[in-house]
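Residue numbers (our numbering), protein chains in the order written: chain A, 911 to 1224; chain B, 5 to 530.
If you want it as structure tokens, here you go:
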């Protein structure tokens, strides 16, 4: 297992290198000028040129790339062209809210979607099944920003149970943290609740037809144990895959939720960086996202072995 | 629990309350600004948000009052009779935020850095013989020949005000950002709480000694009545509206006009215009490329476009826009009706004139490439309306949609359209950045590569702009400014599409909000 883990980690290096080259070249091919974002609309060409010179943007591409890669190899991801702050410091400021939001949303998803999916499969074809499917269709169909605004309108503006916007870190206390993150977490979770409840239902339906489930019931085991210990565990592999990729998608796709609820996370940072052509910041965030995907995929693969003892990695 | 212990607990709670009172009494004003603050060097950027940030932390030697007059701010001044010597004496008690005193040497270094970045300051420096510190508190500007607007430039609020900073920061090369934000202004910048693009925090500068004159725009007493000001970026306007209604924020600097009805019924929120100057929407020709290298074809566009249609589509509510021919803004001292003939009559009559002019021109049907920014709401609709009017006049028009960053970069090139060039685009200018011929970048007629995009060439315009700089009286300045305005219309330097005002919203707890060319946070109480 350890050998497999290390081998997979080593395989990530060329993947990350390819991502680095691709992102670097793509950004340089994109029209736009970071110097203009710094100097503003009214700057003269001479002034823009002076800024480009000081930022090294007039150096040949190969020099810029090698400098960037060389610095990264020493753990230096560079400074933001616009704010002149270290890129890692800026990402550090924004990573916490995004990860917290994704974790809360995933926890909500699991707490709601797994029972929904199991229940729908157990009551296949009945009223409960149809209700779960209807909820899941709504979760898929309604955009997150609409769900966000509806939640804000009902629970924050009218009932005043929750704040309309903003974020408090866990360090500020569990109460303020939970109070602020509940609505955005629920909004972000909505689409994943739909996805994972459907996946759970489909996977459970297959498993519930298996002989060992019939045997378990024939032995007189309580239905709860049959469903959750025998059936759900055997249905878990496709569900785990969706949960893993879903989490990675949450990390990289929270921008709408962050915007609607004004959460200062990575999503908003990357949009700002792209609009301002802040190359080092964009490159670092994309590399971080790619790394997250690689790591999560690896963890998903390893989790298969934990849930299914028949799977062994060499 | 006994009565005694309850009493003790109550007393302890009261004491704790008393001890904690100063912390609880801290007043924080939270504002959503018109754009997120991403860079901090006020000499480096012309962005409005950086300018507003600059006025929080830094000061200028002179301030501009609501009558557009320069007034003493950091320094009092004396001008020699021959207009060749300006003596500026720093007022007592000026300290940088790092605790060191402000010296004349700091101010000389700041003026030198500012003059490398600001276009009109560069023009002034051509007339300057020397700037020197004659003592710790006195600096003298010696001119080679008289230059009218010296005081005005030292006081101007836009696009790059003459902010003062310690010499060690002012010596930073002009292409680099200053490493620290140390000014002498009424607020101190809290670097530890700054999150670029998301949050900027300022605290009251307890050591600041305000002037004694009443506050007026960027001049007079800058008395700070709140302990902290927090700028929060909110990319979604609906979120900002929700936040001000719930009391999460106290002020929104610019509310989208179409969302104002959401605030109209809330008695806890007021709306109004804080910046009386507004902004002018401008349609710019590329004078170097066909077809707009031909003045007759440009003139056809001037008649085809219609201020009312453009502003109605972009702003909608006529309470917040104004139509006038003045290229300097509708309500400034130099405003005049010269050039009004291009806006007279009905839109149909002017369209007929445009069709006639175009038919008589050498226009060969080559498509005009009009750039349209899609991520800047205030400039998204104008190209669509303008393109329709130009098509009706007989032009072939291609609207190229792109993000604002791409447009800004593309506008700087004059290569042919099929190689990434352009023919026409809209932008807008705060009136404080165009209110006289010295600062107005769109009427530069030198055609020089280094001038603002469009590159018109007109020798008479350049003579007049030079004359304006040495004009002695306001009447002389007005006369020259009017002739400049006539040329700008006749030679179609750009299309003035009208002026709009930004609407702010604030909670009623805020008192004495100040009006100014930027949003001002001194004077306001909560």
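Positions of the beta carbon are idealized from the N, C-alpha and C atoms, including for glycine.
These figures come from a predicted structure and were not determined experimentally.
Identified DSSP bridge partners for residue i
i, result
"residue 236 of chain B", "B:36, B:203"
"residue 510 of chain B", "B:255, B:274"
"residue 93 of chain B", "B:80, B:142"
"residue 223 of chain B", "B:220"
"residue 503 of chain B", "B:284, B:326"
"residue 989 of chain A", "A:996"
"residue 1011 of chain A", "Residue 1011 of chain A pairs with nothing; no bridge assigned."
"residue 431 of chain B", "B:286"
"residue 64 of chain B", "B:167"
Residue i in three-state terms, based on DSSP
i, result
"residue 1034 of chain A", "coil"
"residue 482 of chain B", "helix"
"residue 1072 of chain A", "coil"
"residue 181 of chain B", "coil"
"residue 22 of chain B", "Only weak support is given to the placement of residue 22 of chain B: the predicted model assigns it a pLDDT of 41, under 50, and the value that follows is read from those uncertain coordinates. Residue state, collapsed to three classes: helix."
"residue 1065 of chain A", "helix"
"residue 269 of chain B", "coil"
"residue 1078 of chain A", "coil"
"residue 303 of chain B", "helix"
"residue 917 of chain A", "helix"
"residue 214 of chain B", "coil"
"residue 87 of chain B", "coil"
"residue 1052 of chain A", "coil"
"residue 533 of chain B", "Since the first residue of chain B shown is 5 and the last is 530, residue 533 of chain B is not available in this structure."
"residue 515 of chain B", "strand"
Range of the contiguous alpha helix (DSSP H) that encloses residue i
i, result
"residue 523 of chain B", "Here residue 523 of chain B belongs to no alpha helix (DSSP H), and DSSP marks it neither H nor E."
"residue 171 of chain B", "171–174"
"residue 449 of chain B", "First-last for residue 449 of chain B: undefined, no H or E at that position."
"residue 389 of chain B", "386–397"
"residue 1092 of chain A", "1084–1118"
"residue 248 of chain B", "241–250"
"residue 314 of chain B", "311–318"
"residue 962 of chain A", "955–965"
"residue 120 of chain B", "108–121"
C-alpha distance - residue i paired with residue j, whole-angstrom precision
i, j, result
"residue 1116 of chain A", "residue 1099 of chain A", "26 Å"
"residue 1186 of chain A", "residue 1174 of chain A", "17 Å"
"residue 67 of chain B", "residue 1094 of chain A", "45 Å"
"residue 96 of chain B", "residue 170 of chain B", "16 Å"
"residue 981 of chain A", "residue 1048 of chain A", "48 Å"
"residue 1193 of chain A", "residue 934 of chain A", "7 Å"
"residue 338 of chain B", "residue 103 of chain B", "42 Å"
"residue 960 of chain A", "residue 953 of chain A", "11 Å"
"residue 34 of chain B", "residue 248 of chain B", "10 Å"
"residue 245 of chain B", "residue 266 of chain B", "8 Å"
"residue 1208 of chain A", "residue 915 of chain A", "8 Å"
"residue 292 of chain B", "residue 434 of chain B", "26 Å"
"residue 463 of chain B", "residue 427 of chain B", "22 Å"
"residue 400 of chain B", "residue 389 of chain B", "14 Å"
"residue 473 of chain B", "residue 1200 of chain A", "57 Å"
"residue 519 of chain B", "residue 512 of chain B", "16 Å"
"residue 483 of chain B", "residue 457 of chain B", "27 Å"
Where residue i falls, given that 16 or more other Cβ within 10 Å makes a residue buried
i, result
"residue 1219 of chain A", "exposed"
"residue 1012 of chain A", "buried"
"residue 370 of chain B", "exposed"
"residue 1122 of chain A", "exposed"
"residue 305 of chain B", "buried"
"residue 344 of chain B", "exposed"
"residue 448 of chain B", "buried"
"residue 1034 of chain A", "exposed"
"residue 1216 of chain A", "exposed"
"residue 481 of chain B", "buried"
"residue 26 of chain B", "For residue 26 of chain B, the predicted model reports a pLDDT of 45, less than 50, meaning its position is unreliable and no value from the coordinates is stated."
"residue 383 of chain B", "buried"
"residue 82 of chain B", "exposed"
Opening and closing residue of the beta strand (DSSP E) in which residue i lies
i, result
"residue 351 of chain B", "That residue, residue 351 of chain B, is in no beta strand (DSSP E); its alpha helix (DSSP H) goes 351–363."
"residue 132 of chain B", "132–137"
"residue 405 of chain B", "401–406"
"residue 372 of chain B", "372–377"
"residue 193 of chain B", "191–193"
Within-8 Å CB hit, residue i to chain D
i, result
"residue 232 of chain B", "In the structure shown, chain D does not exist; the protein chains are A and B."
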